[in-house]
Structures are given as structure tokens and as C-alpha cells.
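Input: a single structure, listed below in C-alpha cells.
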Amino acid sequence: MAETKPLTIVVCAVFFLALFIQSAAALSPSDAPVDVEVGALLVNVEKVDLSANSYRLDFYLWFKFDPAKISLAEVKEFEFINGAPSKYEVKVDEAGGYLEYRVRGDFIKTFDFTQYPFESHELAVMLEHKNLNRSCMVFKESAESGMESTASVVGWELRDFKTYVTEHAYGDEKYSRFVFSVTLARPKISAFLKSVLPVLVITTISLLAFFMAPQNFSQRITLGVTTLLSATTFHLSLISGIPPTGYLTLADRMMLSVYVVFLYNLAASVYIMRLMDEKKVDDAMRVKGKALRFLPFLLVVLIIIQILL
Numbered sequence: 134m135a136e137t138k139p140l141t142i143v144v145c146a147v148f149f150l151a152l153f154i155q156s157a158a159a160l161s162p163s164d165a166p167v168d169v170e171v172g173a174l175l176v177n178v179e180k181v182d183l184s185a186n187s188y189r190l191d192f193y194l195w196f197k198f199d200p201a202k203i204s205l206a207e208v209k210e211f212e213f214i215n216g217a218p219s220k221y222e223v224k225v226d227e228a229g230g231y232l233e234y235r236v237r238g239d240f241i242k243t244f245d246f247t248q249y250p251f252e253s254h255e256l257a258v259m260l261e262h263k264n265l266n267r268s269c270m271v272f273k274e275s276a277e278s279g280m281e282s283t284a285s286v287v288g289w290e291l292r293d294f295k296t297y298v299t300e301h302a303y304g305d306e307k308y309s310r311f312v313f314s315v316t317l318a319r320p321k322i323s324a325f326l327k328s329v330l331p332v333l334v335i336t337t338i339s340l341l342a343f344f345m346a347p348q349n350f351s352q353r354i355t356l357g358v359t360t361l362l363s364a365t366t367f368h369l370s371l372i373s374g375i376p377p378t379g380y381l382t383l384a385d386r387m388m389l390s391v392y393v394v395f396l397y398n399l400a401a402s403v404y405i406m407r408l409m410d411e412k413k414v415d416d417a418m419r420v421k422g423k424a425l426r427f428l429p430f431l432l433v434v435l436i437i438i439q440i441l442l
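Per the working numbering: the sequence shown ends with 442, consecutive numbering throughout.
This is the structure:
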């Protein structure tokens with residue numbers, strides 16, 4: 134009887150251990166977060182409003198899921214983080230675990246205009262589940278996502294469509310976030326011709342004053358003032374297409390350099406005019422020559438500053 138007691142204890146221990154392992158194996162799948170595959174097909178970028186930091190997109194959005202792990206009603210409980218577009222169901226297959234929407238609407242993102250007018254912007258769409266956090270459900274990006282070859286927006290180039298999944302924390306809870314985006318870039322040649330070339334022409338015209346005779350000082354000053362007003366008007370027109378910013382854009386930095394050149398030109402012209410009023414023609418010619426020789430050095434310094442900034 135004493136020999137059977139240890140054997141009974143061992144059998145009971147093995148039995149309860151087997152039950153524990155079986156229950157743990159049964160519970161572990163339900164404890165793991167459910168995977169929901171998300172994909173998007175961008176049909177078109179209908180509108181980009183830089184002044185309002187908004188853009189209108191048209192795209193398809195689909196979800197693939199296991200109906201045994203998550204219901205169709207739960208999958209539908211998602212929300213867009215950076216917009217409130219309209220959407221309607223295109224295809225619903227609850228048994229097959231598939232849900233597809235056609236989405237169209239405005240989205241918001243704060244654009245970065247540091248490199249304006251040669252900047253690029255990432256137009257992103259972000260969505261999360263309303264109720265299920267990271268421990269309950271995780272988005273997985275679909276390999277079928279992409280962008281229609283016919284997608285376009287006037288005055289811009291569309292590049293680098295991509296999708297990715299990240300996490301976003303609200304206090305102690307983390308939610309899975311699906312993001313797809315496309316890069317919006319200005320054509321370099323077009324931006325140069327519209328934004329830089331006019332300034333170069335205006336500045337070049339103002340610098341012609343250095344090749345005028347000192348005796349024509351009134352024409353020199355008139356030319357400098359007229360071109361300065363033209364440059365200022367162009368600057369205001371150039372930045373009118375973007376919202377007010379608390380930092381200098383590339384256009385602002387470029388125009389500051391142009392204003393330095395104009396100030397140098399007007400200062401030299403006024404000084405030459407003063408010498409001519411005092412009948413110091415030789416001194417005026419000497420100042421004109423020195424100012425002209427110093428001009429290339431000034432331009433090089435301004436270009437270096439632009440590159441460093």
C-alpha cells in the first residue's frame with residue numbers, strides 16, 4: 134500500500150500537467166492578436182490645396198480577415214485619423230473574410246515648405262480600429278496595394294507609393310495603425326522656370342547699372358529702384374500660394390540674397406551720385422570700378438550661404 138501511494142501521486146501529477154498544457158495550448162491562440170490584412174489602390178489625387186494643408190484622394194480600401202477569429206462587424210469599426218471621407222461598400226464576403234470600400238474625400242496634413250518652391254510632400258492616409266487595441270488586433274499590409282498608372286495631379290509629379298504599419302499610443306494603450314502614402318513632387322525644370330528664372334532676369338537687369346557711366350547716376354538709381362520693386366512684387370506673388378509659415382522657405386532665403394544685391398547696387402549708385410555732385414569724377418570712376426570688381430565675390434558668398442542653409 135505504501136508503494137502504490139507515490140505511484141498514485143506521480144500519475145495525478147502527470148494528469149494535471151497534461152490538462153494544464155492542453156488548456157494553455159487552447160488559450161494561446163485566443164490570447165494572440167488577430168491579424169487583419171489591409172490594402173489600398175490609389176485611383177487619383179483629385180485636388181491639392183497647399184494653403185489649407187489638405188488634399189482630396191480617391192482610392193479603394195480592402196480588408197482580408199479570418200471570420201473565425203474576428204467578425205465582419207468588428208472589422209468595419211475602423212476610422213481615418215487624418216480625415217473624414219465618404220465611403221461605400223464595394224464588396225462584402227463575410228464567409229470568405231473580405232471587405233472592400235471605395236473611399237473619396239479630403240485629408241489633412243501639415244505640409245513642410247522649407248524647400249519651397251522645390252519641395253515635395255507626402256500625402257498620407259492613416260487608419261486605426263476604434264475599439265481593438267494592439268493586443269487584440271494587428272493590421273498587416275497587403276502586397277497587392279498600389280497606385281493606378283493614370284493617377285495624376287496638375288502641376289505635380291506622383292512618386293513612391295508605399296504602405297506600412299506602425300503603432301500609436303494613447304496613454305497606456307497602443308493601437309495598430311495602417312498608413313499608405315504617395316509623394317507629391319514639383320517638376321524641377323518647371324519650378325526653376327517659374328520661380329527662379331524671373332528673379333535672375335530682374336537681378337541681371339539691375340546689375341547692368343554697374344556698366345553705366347557715373348554721369349548717368351539718375352538712370353542708375355531709377356533702374357535699381359524699378360527692378361527692386363519688381364523683385365518685391367514677384368516675391369509676394371511667389372509666396373502667396375502657400376500658407377503663412379514661421380520659418381524661412383527656400384524662396385525667402387533666395388529673395389533675401391537678391392535684396393542684398395539690390396542694396397549693394399543702390400548703395401554704390403548713391404555714393405557715386407554724391408561724388409559726381411562734388412565734381413569728383415575720378416573718384417566716382419574709381420568707386421564704380423571697385424564696386425564692379427567686388428560684385429562677383431559678393432555673389433559667390435551669397436551662393437555659399439544659400440548652400441549652407
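Virtual Cβ for every residue (Gly too), placed ideally from N, Cα, C.
Buried or exposed by the 16-neighbour rule on C-beta atoms within 10 Å, applied to ILE203: Indexing the sequence shown from 1 puts residue 203 at position 70. ILE203 is buried by the Cβ-count criterion.
For LEU435, which residues from the same chain have a beta carbon less than 8 angstroms from its beta carbon, with the 5 sequence-adjacent residues on both sides left out? Numbered from 1 along the sequence shown, position 302 holds the residue referred to as residue 435. If we look at LEU435 and ignore the five residues flanking it on each side, its Cβ neighbours are SER390, VAL393 and VAL394.
On the criterion of 16 or more Cβ atoms from any shown chain inside 10 Å, does ARG353 qualify as buried, or is it exposed? Position 220 of the sequence shown holds residue 353. With 16 or more other Cβ atoms within 10 Å, it is buried.
GLY172, DSSP secondary structure in three states: Residue numbering aside, residue 172 sits at position 39 when the sequence shown is read from its first letter. The answer is strand: DSSP assigns GLY172 an E or B state.
Expressed to the nearest angstrom, what Euclidean distance is found between the alpha-carbon atoms of ASN92 and GLU227? Any question about residue 92 goes unanswered here, given that the chain covers just 134 to 442.
Is the Cβ-Cβ distance between SER174 and TYR193 less than 9 angstroms? In the sequence shown, counting from the first residue as 1, residue 174 sits at position 41. In the sequence shown, counting from the first residue as 1, residue 193 sits at position 60. Note that residue 174 is Leu in the sequence shown, not Ser. For LEU174 and TYR193, yes; Cβs fall inside 9 angstroms.
Under the three-state DSSP convention, the category PHE213 falls into: As a position in the sequence shown, residue 213 is number 80, starting the count at 1. Of the three classes helix, strand and coil, the one that applies to PHE213 here is strand, per DSSP.
Is the Cβ-Cβ distance between MET270 and SER309 less than 9 angstroms? Locating residue 270 in the sequence shown gives position 137, where the first residue counts as 1. Locating residue 309 in the sequence shown gives position 176, where the first residue counts as 1. Their beta carbons are under 9 angstroms apart, which means MET270 touches SER309 by this criterion.
Determine the extent of the beta strand (DSSP E) in which LYS202 is found, giving its start and end residues. For this step, residue 202 is matched to residue 69 along the sequence shown. Run containing LYS202: none; DSSP gives neither H nor E here.
Would PRO347 be called buried (16 or more neighbouring beta carbons within 10 Å of its own) or exposed? Reading the sequence shown from its first residue, position 214 is the one you call residue 347. With 16 or more neighbouring CB atoms inside 10 Å of its own CB, PRO347 falls in the buried class.
Could you check which residue in ARG267, ILE335, PRO166 and LEU361 has the C-alpha nearest to that of ASP305? In the sequence shown, residue 305 corresponds to position 172, counting from 1. When each option's Cα is compared against that of ASP305, the closest is ARG267.
Label LEU408 either buried or exposed according to how many other C-beta atoms from any shown protein chain fall within 10 Å of its C-beta, with 16 as the threshold for buried. On the sequence shown, residue 408 is found 275 positions in, with the first residue counted as 1. Label assigned to LEU408: buried.
Starting from the C-beta of SER328, find all residues in its chain whose C-beta is less than 7 angstroms away, skip the five residues before and the five after it, and write them out in chain order. Translated into positions along the sequence shown, residue 328 becomes position 195. Taken in chain order, the residues that qualify are PRO250, LEU371 and ALA384.
Answer yes or no: do GLU281 and VAL181 have a C-beta to C-beta separation smaller than 9 angstroms? The residue labelled residue 281 in the question sits at position 148 within the sequence shown. The residue labelled residue 181 in the question sits at position 48 within the sequence shown. Cβ distance not < 9 angstroms, so GLU281 and VAL181 don't count as in contact.
Through-space distance from LEU425 to ILE322, alpha-carbon basis: For the purposes of this step, residue 322 is taken as the residue at position 189 of the sequence shown. For the purposes of this step, residue 425 is taken as the residue at position 292 of the sequence shown. The alpha-carbon atoms of ILE322 and LEU425 are separated by roughly 31 angstroms.
Rounded distance between the beta-carbons of GLU261 and THR296, thought under 8 angstroms: Position 163 of the sequence shown, counted from the first residue, corresponds to residue 296. Position 128 of the sequence shown, counted from the first residue, corresponds to residue 261. That pair is no contact at about 15 angstroms.
Excluding sequence positions up to five away, which residues of its chain have a Cβ less than 7 angstroms from the Cβ of ILE375? Counting from one through the sequence shown, the residue named residue 375 turns up at place 242. For ILE375, where only same-chain residues beyond five positions count, the Cβ hits under 7 angstroms are LEU183, SER184, PHE246 and TYR249.
Classify VAL312: buried if its beta carbon has 16 or more other beta carbons within 10 angstroms, exposed otherwise. Position 179 of the sequence shown, counting from 1, holds the residue named residue 312. Looking at its Cβ environment, which holds 16 or more other Cβ atoms inside 10 Å, VAL312 is buried.
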